[in-house]
Amino acid sequence: MAMTQPTASREAMKDVHIAVLGAGKMGGILLDAFLANNLLRPDQIAATVRHAERARSLDDRWGVPVGTDNLAAARSADVLLLAVKPVQIADLVEEIRPALHPGKILISLAASVRTRTIEESAGCDLPVVRAMPNTPATVAEGMTALCGGRFAGAGALALATSMFATVGRTVVLDEKHMDAVTGLSGSGPAFLYIIIEALAEAGVNVGLPRDVATLLAAQTTLGSAKMVLETGAHPALLKDAVTTPAGCTVDGILELEEGGLRVTLIKAVKRSTQRARKLANS
Ligand SMILES: NC(=O)c1ccc[n+]([C@@H]2O[C@H](COP(=O)([O-])OP(=O)(O)OC[C@H]3O[C@@H](n4cnc5c(N)ncnc54)[C@H](OP(=O)(O)O)[C@@H]3O)[C@@H](O)[C@H]2O)c1
Numbered sequence: 027m028a029m030t031q032p033t034a035s036r037e038a039m040k041d042v043h044i045a046v047l048g049a050g051k052m053g054g055i056l057l058d059a060f061l062a063n064n065l066l067r068p069d070q071i072a073a074t075v076r077h078a079e080r081a082r083s084l085d086d087r088w089g090v091p092v093g094t095d096n097l098a099a100a101r102s103a104d105v106l107l108l109a110v111k112p113v114q115i116a117d118l119v120e121e122i123r124p125a126l127h128p129g130k131i132l133i134s135l136a137a138s139v140r141t142r143t144i145e146e147s148a149g150c151d152l153p154v155v156r157a158m159p160n161t162p163a164t165v166a167e168g169m170t171a172l173c174g175g176r177f178a179g180a181g182a183l184a185l186a187t188s189m190f191a192t193v194g195r196t197v198v199l200d201e202k203h204m205d206a207v208t209g210l211s212g213s214g215p216a217f218l219y220i221i222i223e224a225l226a227e228a229g230v231n232v233g234l235p236r237d238v239a240t241l242l243a244a245q246t247t248l249g250s251a252k253m254v255l256e257t258g259a260h261p262a263l264l265k266d267a268v269t270t271p272a273g274c275t276v277d278g279i280l281e282l283e284e285g286g287l288r289v290t291l292i293k294a295v296k297r298s299t300q301r302a303r304k305l306a307n308s
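FYI, our numbering numbers position 237 of the sequence shown as 263, with every residue one higher than the one before it.
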């Protein structure tokens, strides 16, 4: 896993102009993060949305121009972040096509849409990077997987990686893994919120005040994730270390196994991955 140093990123980005085309939930999270981390100055950014009234309401939020003219925004930038819904990508690329040439970099956040599809819509041999971030990018604990298209060299991938490194961890993968990434780390926060919510509910059930139960559940999830990342130990070994013979944890684990938590999570990621394969067409 590659973590890029923020200062190195800032240096690499100091003259780069970016257009966020589709500044909705994910585009907005990234815009917030790039500005908050001083990766980019407001004068380096332009953004678009579909509705003019929403554009007007966003003008003050970031201090960057927000409009509805994708072609003008695309012309003004070196790096174009495509952050519309998967099914809207083809039309968007068609719209900005007159602004595209091999000197620009397209970074698509869209689940399911292949780099080859974007390259073909673009009509020129420009670097296309596909990125799959997730919403914990809001608190700089995101997980972003990236892959490069046919014309994306090391420079384009490094630049995209350095952008997403400001909002968490990054990993560069082969494109064949991107739908699985969508199913695991793209959808994963929703699965984990349900687990945290259920643990908190359980805490309330055994007598804890709700705010304390939520704190215990969330910090325990965070701490456990950190243990996996920082020790490098297999999660099963870490679980064994908590599970003393004839203790209380093993009784709880028996309930989890009987309830099918493990199989349910595996099925959830599989279903989400299968859906991710089809999003571009629906
Ligand atoms: N949400 C996630 O957790 C997540 C994670 C990873 C990747 N993604 C990817 O990120 C992309 C956006 O998802 P989202 O959840 O951020 O969706 P969203 O909140 O609906 O944002 C989409 C944005 O695109 C704008 N838009 C639509 N058509 C446009 C057009 N023709 N020109 C300019 N802007 C246009 C919309 O404008 P209005 O506001 O005016 O309607 C909206 O602001 C998707 O491709 C998704 O696969 C999302």
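Glycine included, each C-beta is placed from N, C-alpha and C at the ideal position.
Val-238 and Gly-229 have their C-alpha atoms some 8 Å from each other. The beta carbon of Ala-49 sits closer than 7 Å to at least one heavy atom of ligand 1. Remark: the shortest separation between the CB of Gln-70 and any heavy atom of ligand 1 does not fall under 7 Å. Contact check between the region 177-190 and the region 121-141: three or more CB pairs, one atom from each, fall below 8 Å, which counts as touching. Looking from the CA of Gly-278, the closest CA among Ile-44, Leu-225, Arg-87, Ala-166 belongs to Leu-225.
In this structure, ligand 1 has a non-hydrogen atom nearer than 7 Å to the beta-carbon of Thr-74. Of the residues assessed, Gly-209 falls on the buried side of the cut-off, its CB having 16 or more other CB atoms within 10 angstroms. Looking at Asp-41, Gly-48, Leu-56, Arg-303, the one whose alpha-carbon comes closest to that of Val-165 is Leu-56.
Of all C-beta pairs linking the region 93-113 to the region 37-55, three or more are shorter than 8 Å, placing the two stretches in contact. Cβ-Cβ distances below 8 Å link Leu-152 to Leu-126, His-127, Pro-128, Gly-129, Lys-130, Ile-131, Leu-132, Glu-145, Phe-177 in the same chain, with the five nearest sequence neighbours on each side left out; the list follows chain order.
Using a cutoff of 7 Å, the CB of Gln-114 counts as near ligand 1, since one of the ligand's heavy atoms is closer than that. If you keep only unbroken beta strand (DSSP E) runs of at least 3 residues inside the region 127-169, you get 131-134, 154-158.
As computed with DSSP, Gly-286 is found in no beta bridge at all. Within the same chain, Ile-222 come within 7 Å of Ala-244 by CB-CB distance, once the 5 residues on both sides are set aside. With a cut-off of 8 Å on Cβ pairs, the region 201-220 is in contact with the region 283-300, counting three or more such pairs.
Arg-195 is bridged by DSSP to Met-169. With a 10 Å radius around the Cβ and a threshold of 16 neighbouring Cβ atoms, Ser-213 comes out buried.
Annotation: the continuous alpha helix (DSSP H) that includes Val-254 extends over 236-257. With 16 or more other Cβ atoms inside 10 Å of its own Cβ, Thr-74 counts as buried. Counting along the chain, Val-46 sits inside the beta strand (DSSP E) bounded by residues 44-47. DSSP places Val-75 outside both helix and strand once states are collapsed to three, so it counts as coil. Within the model, the alpha-carbon separation for Asp-200 versus Arg-156 is close to 10 Å. The alpha carbon of Arg-36 has as its nearest neighbour, out of Phe-190, Ala-100, Gly-54, Ala-72, the alpha carbon of Phe-190.
The residues Ala-72, in chain order, have a CB closer than 6 Å to that of Pro-91 in the same chain once the five nearest residues on each side in sequence are set aside.
Exposure of Ala-216 is indicated by the presence of fewer than 16 other C-beta atoms within 10 angstroms of its C-beta.
Set against 7 Å, the gap from the CB of Lys-304 to the closest heavy atom of ligand 1 is not smaller.
Under the DSSP assignment, Leu-65 falls outside any alpha helix (DSSP H); it carries neither an H nor an E label.
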